[in-house]
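Inspection log for the structure reproduced underneath, given as structure tokens.
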């Protein structure tokens, strides 16, 4: 039984950027998206991180598309510099030529005009670097970026809806909230994800293991995962209980009942429980 | 030209864990491994995050193996609880049955005996949960875990060397340093990765883009990536310069020369540069 086994709607995340592969940047975009998706009742099935390289990206995009998830969110590589190549990678994966999209061009143009006005300078030239941000695969549409210059991109491939969002976290989050969340809400049918943690001390994870098995066996649809913080001498273990369901299925009660049972078993085995 | 284009030795990272997919845990294991690998002259080509699910893992492991990277590092899912399924996933991917490995069993046994001695309790029973940590795919070998109870695992598949390390960061890092790094050092031939950042203010990324193109064109083997921190009104952009090479190829000089040229161009365009 998988943690998100009840969540029928699935998503894959692809993050583009060498900075993620060389560990210069920690991938908080993926964790933000994972957390936000699960809170909406969407199960993230896989996260893939690829380089700023058209062939690498295109291969990864094709692989993810071949698994046919209902939703794909790609982040990073939409900016004006040469290393922003995500739309080239997408064009190759979709076999759809890149061309200037008039709606996207208007979005970019309006942003730069607003900046120029704000700074009181005559700067509304559409340079090649700016036109680049409005050059999309033919089969895609631009999505308004409320915070930055590069529009997001949306397309559908068979039953998959695919979004490309900028790598700058504030812009990624803003477009996700404004343009992706409303779509996700339509498809989840009111199923949500619920979680609760309890903490066990003075008991080793290997002693806990069979106790977790008992509680999971007795409580269908509750998933319990142990996260050992330290097991050398003084074990401290987080037990993360989760479930999903519609509110009328009383998922919160299921969690509380399981946490209470597990807590009793841990105490009987000589451990200490805290909430 | 890819950032790590000169690094001949490649690695893929696979991180197993629902907690990464639901955003409960930020994937610092992947960024630590990426940073450590590149510092040794190894290019991480892809990071894949999969669920604690045998079929999902096995599929991901097979996909990564099919790309034939010289090194694969898998993290997570080696512990004693039911949700630690990475070795089941690996057994399926390798088509190699799980069996108790006597060397691994001795490693686990010694750890628990040491803990029991430390805590002055009679606790050296090999319970099913403990034997589980010593149950490996037949074609693999255990690797000493200097900090925790679950041994790492190593195997070779054709020309790929594959390691499985625990998900607890301190244990993952300790095994990597002790058992993976010496192997990586043997294969890189003294090529290392070098990096340097400069910061540009009062210039927009779209104005910077053609300047970066000029400097990269003039300086072969130097890769420059811009990281906009904010482009709304007051742009602040990190320019990350990187290269790789043997020390006698003077990679540091290449970086300094490129940084100096880029800095001059930015100032000419009205921007402010800081180091």
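Protein chains in written order, with our numbering: chain A, 1101 to 1375; chain B, 1101 to 1375. Here a beta-carbon is modelled for each residue, glycine too, at the ideal position from N, C-alpha and C. What you are looking at is a predicted structure, and each value in this text was computed from that prediction instead of being measured.
- Following the DSSP letters along the chain, one finds residue 1131 (chain A) in no beta strand (DSSP E) but inside the alpha helix (DSSP H) bounded by residues 1128-1139.
- For residue 1254 (chain A), the enclosing beta strand (DSSP E) stretches over residues 1252-1257.
- The alpha-carbon separation between residue 1216 (chain A) and residue 1204 (chain A) amounts to approximately 19 angstroms.
- Residues of chain B with a Cβ closer than 8 angstroms to the Cβ of residue 1325 (chain A) are, in chain order, 1118, 1119, 1152, 1181 and 1183.
- Inclusion of residue 1341 (chain B) and residue 1322 (chain B) in the CB contact set at 8 angstroms is warranted, their separation being smaller than that value.
- Contact of residue 1129 (chain B) with chain A is not assigned, every C-beta pair being separated by 8 angstroms or more.
- With 16 or more other Cβ atoms from the protein chains shown falling within 10 Å of its own Cβ, residue 1230 (chain A) counts as buried.
- Taking 8 angstroms as the cut-off, the Cβ atoms of residue 1116 (chain A) and residue 1174 (chain A) count as close.
- Your pair residue 1287 (chain A) and residue 1109 (chain A) checks out as a contact, with CB atoms roughly 5 angstroms apart and the cut at 8 angstroms.
- Residues of the region 1229-1263 of chain A that bring their beta carbon within less than 7 angstroms of a beta carbon in chain B comprise 1229, 1230, 1247, 1248 and 1249, in sequence order.
- For residue 1317 (chain A), the number of other beta carbons within 10 angstroms of its own is below 16, and it is reported as exposed.
- Membership of residue 1184 (chain A) in any alpha helix (DSSP H) is not indicated, and neither H nor E is assigned to it by DSSP.
- Counting only Cβ-Cβ distances below 7 angstroms, residue 1317 (chain A) has no contacts in chain B at all, with the closest Cβ about 10 angstroms away.
- The three-state reading of DSSP puts residue 1275 (chain B) in helix, counting H, G and I together.
- For residue 1301 (chain A), the enclosing beta strand (DSSP E) starts and ends at 1292-1301.
- By DSSP's assignment, residue 1243 (chain A) forms a beta bridge with A:1252.
- Looking from the CA of residue 1140 (chain B), the closest CA among B:1300, B:1363, B:1283 and B:1338 belongs to B:1283.
- Annotated three-state conformation of residue 1218 (chain A) is helix, per DSSP.
- For residue 1301 (chain A), the closest Cβ of chain B is not nearer than 8 angstroms.
- For the region 1275-1299 of chain A, the set of residues with a beta-carbon nearer than 7 angstroms to any beta-carbon of chain B is empty.
- The criterion of a C-beta distance shorter than 8 angstroms is not satisfied by residue 1242 (chain B) and residue 1257 (chain B).
- A Cβ-Cβ distance of about 6 angstroms is found for the pair residue 1339 (chain B) and residue 1326 (chain B), placing them in contact under the 8 angstroms criterion.
- DSSP places residue 1339 (chain A) in the uninterrupted beta strand (DSSP E) bounded by 1336-1345.
- For residue 1305 (chain A), a Cβ of chain B is located within less than 8 angstroms of the residue's own Cβ.
- Close CB contacts of residue 1137 (chain A) within its chain, under the 7 angstroms cut and outside five residues either way in sequence, are with 1111 and 1144 (chain order).
- With fewer than three CB-CB distances shorter than 8 angstroms, the region 1142-1159 of chain B does not count as touching the region 1297-1316 of chain B.
- Here residue 1208 (chain B) is not near residue 1300 (chain B), since their CB atoms are 8 angstroms or more apart.
- Beta bridge pairing from DSSP links residue 1327 (chain A) with A:1338.
- Between the alpha carbons of residue 1125 (chain A) and residue 1263 (chain A) lies a distance of about 22 angstroms.
- Nearest CB-CB separation between residue 1309 (chain B) and chain A: below the 8 angstroms threshold.
- Residues of chain B with a Cβ closer than 7 angstroms to the Cβ of residue 1141 (chain A) do not exist, since the nearest Cβ in that chain sits about 12 angstroms away.
- A distance of 8 angstroms or more separates the beta carbons of residue 1133 (chain B) and residue 1344 (chain B).
- The three-state reading of DSSP puts residue 1374 (chain A) in strand, counting E and B together.
- Boundaries for residue 1268 (chain B): no alpha helix (DSSP H) harbours it, and the DSSP string shows neither H nor E there.
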